[in-house]
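Numbering (this note's numbering), first residue to last: 14 to 187. For each residue, glycine too, the CB sits at the ideal point set by N, CA and C. Just so it is clear, the structure is predicted and the values come from calculations on it, not from any experiment. See structure below.
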Amino acid sequence: MDDAMTLNTSMDDLTHVSLDEFREGMAVLAGAVNIVTTDGPGGRAGLTASAVCSVTAEPPTLLVCVNRGSSAAPAFLTNDAVAVNTVGPAHRDLAMLFGGKTPMDERFAQADWVPGSAGAPMLTGAVVSFDCKVTSRAAVGSHEVLFCEIVGIARTPDTPALAYFARKFHELGV
Ligand SMILES: Cc1cc2nc3c(=O)[nH]c(=O)nc-3n(C[C@H](O)[C@H](O)[C@H](O)COP(=O)(O)O)c2cc1C
């Protein structure tokens, strides 16, 4: 009962969460490791993203949050084709490359890709790749939330996955 009363506070009573507190909290929210790619009139681009989540099954939709300050952002803001490639330990170095300051062509040169039906690069050997079309976007603070309708799915069976937790990659067995 006390807990319920504590939660039942007005918005005015909520304390401010600092950037450091947010970062420390998010660091221990484990997430899958995804290399999210796009191609189209805005050019080919990709970045490593853990901010990927299921939205609804009907229509099959996921969301991706892209920092508008990243070098990949202009392409994601222009193109309609997006692929979410969830990776395993075999692509640990690739995930670091797509999470760093490496030029786009060098990132893509390190792996094999095939275009999805929507047009974005699908990573050969990914745990799962979601072939998507962006249906809407929302600007929230520093990030653009992309709502992506899934038009195809490719899986590599029996492939271990990676989780990002406490600022490190962890292997998840099948
Ligand atoms: C494990 C991990 C998860 C990340 N998650 C996200 C994310 O969800 N959204 C995002 O915009 N950037 C995320 N990043 C950062 C981008 O990958 C990085 O900013 C991007 O590659 C930018 O580099 P650039 O501006 O040099 O191209 C993540 C990085 C790592 C290593």
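Selected residue, minimal CA-CA separation from residue i, among the options
i, options, result
"histidine 156", "Thr28, Val41, Phe35 and Ala64", "Ala64"
"glycine 82", "Val68, Arg180 and Ala152", "Ala152"
"aspartate 52", "Val79, Val77 and Met135", "Met135"
"arginine 57", "Ala85, Leu42, Gly44 and Val77", "Ala85"
"alanine 167", "Cys161, Tyr177, Thr137 and Gly154", "Thr137"
"threonine 61", "Gly55, Ser31 and Ala108", "Ala108"
"alanine 1", "Phe143, Asn80 and Ala179", "Examination of residue 1 is not possible in this model, given that the chain is present from 14 through 187 alone."
"serine 149", "Ser130, Ala122, Arg120 and Cys78", "Cys78"
"leucine 110", "Gln123, Pro170 and Val95", "Gln123"
"aspartate 171", "Glu119, Gly165 and Val141", "Val141"
"glycine 154", "Glu119, Asn80, Thr99 and Phe121", "Asn80"
"proline 72", "Lys146, Gly55 and Gly112", "Lys146"
"methionine 117", "Gly55, Glu34, Thr74 and Thr99", "Gly55"
Residue i - DSSP class collapsed to helix/strand/coil
i, result
"proline 173", "coil"
"glycine 38", "helix"
"aspartate 93", "coil"
"proline 87", "helix"
"methionine 18", "Any reading at methionine 18 must be qualified, since the residue scores a pLDDT of 44, below 50, and its modelled position is unreliable; no value is offered."
"histidine 183", "strand"
"cysteine 156", "It is worth fixing the name first, because residue 156 is histidine in this sequence and not cysteine. If DSSP states are grouped into helix, strand and coil, histidine 156 belongs with the strands."
"arginine 150", "strand"
"leucine 27", "coil"
"aspartate 125", "coil"
"alanine 133", "coil"
"leucine 107", "helix"
Counted within 10 angstroms of its Cβ, other Cβ atoms place residue i as buried (16 or more) or exposed
i, result
"leucine 175", "buried"
"glycine 186", "exposed"
"proline 173", "exposed"
"lysine 181", "exposed"
"glutamate 184", "exposed"
"cysteine 66", "exposed"
"arginine 36", "exposed"
"alanine 17", "Caution applies to alanine 17, whose pLDDT of 44 falls short of 50 and renders its modelled position unreliable; the value that the coordinates give is listed next. Flag for alanine 17 reads exposed."
"leucine 159", "buried"
"alanine 88", "buried"
"valine 127", "exposed"
Beta-bridge partners of residue i, as assigned by DSSP
i, result
"alanine 45", "Ala176"
"serine 142", "Asn98 and Ala167"
"proline 73", "Ala70"
"glutamate 270", "Lying outside 14 to 187, the shown extent of the chain, residue 270 is not represented and no answer is given."
"threonine 115", "DSSP, once it has assigned bridges, lists no residue as partnering threonine 115."
"leucine 60", "Val49"
Is there contact between the stretch 95-105 and the stretch 41-52, where contact requires at least three CB pairs shorter than 8 Å?
Contact between the stretch 95-105 and the stretch 41-52 is established, with three or more Cβ pairs separated by less than 8 Å.
Below 6 Å from a heavy atom of ligand 3 - residues by beta-carbon
Among the ligands modelled here, namely ligand 1, ligand 3 does not occur.
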